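Asker:
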Amino acid sequence: MEFQTMSQRDLEDYCLLYNDPTHHVDFLDSFRTFYKEGLFTDVTLMSSSGKIFQCHKAALAACSHYFKVMFTADMKEKSNNQIKLSGIDHSILETLLNYTYTAQIKITTKNVQCLLQAADQLHFVSVKEACEQFLVRHLDVDNCLGMHSFAEFHVCPALEKESRRIIVSRFQEVWTQDEFVDIGFEKLLYVFSQKNLNVWTIEALLQPLIRWIAHDSRTRLQRVYELLKCIKVDVDENYLRTSLELHKKHLLNENKIQSLLYYALRTKSQDMPKRSTANMFVVGGYYWHPLSKCTSGILKATTGSREQTCLITPERATVLPVSDPTSISLVDTGQITSRH
1 MEFQTMSQRD LEDYCLLYND PTHHVDFLDS FRTFYKEGLF TDVTLMSSSG
51 KIFQCHKAAL AACSHYFKVM FTADMKEKSN NQIKLSGIDH SILETLLNYT
101 YTAQIKITTK NVQCLLQAAD QLHFVSVKEA CEQFLVRHLD VDNCLGMHSF
151 AEFHVCPALE KESRRIIVSR FQEVWTQDEF VDIGFEKLLY VFSQKNLNVW
201 TIEALLQPLI RWIAHDSRTR LQRVYELLKC IKVDVDENYL RTSLELHKKH
251 LLNENKIQSL LYYALRTKSQ DMPKRSTANM FVVGGYYWHP LSKCTSGILK
301 ATTGSREQTC LITPERATVL PVSDPTSISL VDTGQITSRH
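Residue numbers (full-length UniProt numbering): 1 to 340.
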């Protein structure tokens, strides 16, 4: 039996590209072992409390743009073997380093804010995004104001957007929360300036304003005119200034401030200036019996003398934005269902 053998020229041209499917796992496992045993480390990180961690520059630079720039740019840390990270607790730093060598991180309600702050500072982008999503899932009326400020400071767009949505849509609940009276003047102006803030009367917007001022009336009363201008309340400013001047020596409580403001209103029980907020009714996709002759319908919404209509079918939902309707009716082949 004869075997054909490759010629020398064939051997030179032959190539096998082998891809090891477990290489990256083994590589990470090896670095994790090196980290645990302190092997081949070339840099020491020190937390704010003074605890030190022996690490590898290559591993840190691979996970953090902050460290990559530090170890490659012309900075003093480039040649330093020990780097102190101010403002980062040892437990948070240890969590980030475990992520660096394992690709896993444990996020809890207790560590999420500190973890996001550290991830933002050290540019651990994936960790920051994971913390942001964690906070979004735990948003509610009792923390949305604080989370909105937190999101703005650390540039978390998803958290900022969702916390703003809750503030606007559930403002009647938000302003009764404890943290409402602790927000700053600029934040309160921001909230009041939202065009789709879910309030419908002057009284509904004056109450949170009064509560905020009464919490620290000595320093906040001077802001009342800017706030009233922001919410577009028509008041007798001369009367209000005179009244506040007469009472400035006394510590005004919430009830007294409320009385002064309501007496200063030019028109009692004012409605809110119309905002862009509307009641949105989604109609369609309703149950349709096969024997029914009804195949479509007309949705009618009446606001005063104005009537809005749209066609709906069982298969297709229709969105009809209506501002403060007086009646809504669905008309189909002689059958009418109404809501007043």
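We put the CB at the ideal spot given by N, CA and C, even for glycine.
Here the structure is a predicted model, which is why all the values come from computation and not from measurement.
1. Where does Phe-180 fall in DSSP's three states?
2. Phe-150: which of Gln-117, Ala-73, Leu-260 and Phe-134 sits nearest, CA to CA?
3. Apart from the five residues on each side of it in sequence, which residues of its chain come closer than 8 Å, Cβ to Cβ, to Tyr-99?
4. Check Phe-53 in the structure and name its three-state DSSP category.
5. Grab the span of the beta strand (DSSP E) containing Gln-104 for me, first residue to last.
6. Check whether the Cβ atoms of Leu-115 and Tyr-66 sit closer than 8 Å, and answer yes or no.
7. If you check the beta carbons only, do Leu-227 and Phe-171 fall under 8 Å apart?
8. What does DSSP give as the partner residue(s) for Gln-82 in the beta ladder?
9. Relative to the C-alpha of Asn-143, which candidate in Asp-120, Gln-177, Lys-51 and Tyr-14 has its C-alpha closest?
10. Could you please give me the residues that DSSP links to Val-235 through a beta bridge?
11. Can you check whether the C-beta of Leu-246 is within less than 8 Å of a C-beta belonging to chain B?
12. Do Val-199 and His-166 have their beta-carbon atoms positioned less than 8 Å apart in this structure?
13. Mapping the DSSP letters down to three states, classify Thr-22 as helix, strand or coil.
14. Taking all protein chains shown into account, decide if Tyr-14 is buried (16 or more other Cβ within 10 angstroms of its Cβ) or exposed.
15. Verify whether the separation of the beta carbon atoms of Asp-74 and Lys-57 is less than 8 Å.
Answerer: Let me lay it out:
1. Residue state, collapsed to three classes: helix.
2. For the residues Gln-117, Ala-73, Leu-260 and Phe-134, the minimum Cα distance to Phe-150 belongs to Gln-117.
3. Counting only Cβ-Cβ distances below 8 Å, and skipping sequence neighbours, we find Cys-63, Ile-105, Phe-124 and Val-127.
4. Of the three classes helix, strand and coil, the one that applies to Phe-53 here is strand, per DSSP.
5. Run containing Gln-104: none; DSSP gives neither H nor E here.
6. No, they are not a contact pair.
7. Going by C-beta atoms, Leu-227 is not nearer than 8 Å to Phe-171.
8. Beta-bridge pairing by DSSP links Gln-82 to Thr-44.
9. Residue nearest to Asn-143 within the set Asp-120, Gln-177, Lys-51 and Tyr-14 is Gln-177 (criterion: CA-CA distance).
10. Note: Val-235 sits in a beta bridge opposite Leu-265.
11. Chain labels in this structure do not include chain B; a single protein chain is all it has.
12. For clarity, residue 166 is Ile in the given sequence; the question names His instead. No.
13. Three-state DSSP puts Thr-22 in coil, outside helix and strand.
14. Under this definition Tyr-14 is an exposed residue.
15. Going by C-beta atoms, Asp-74 is not nearer than 8 Å to Lys-57.
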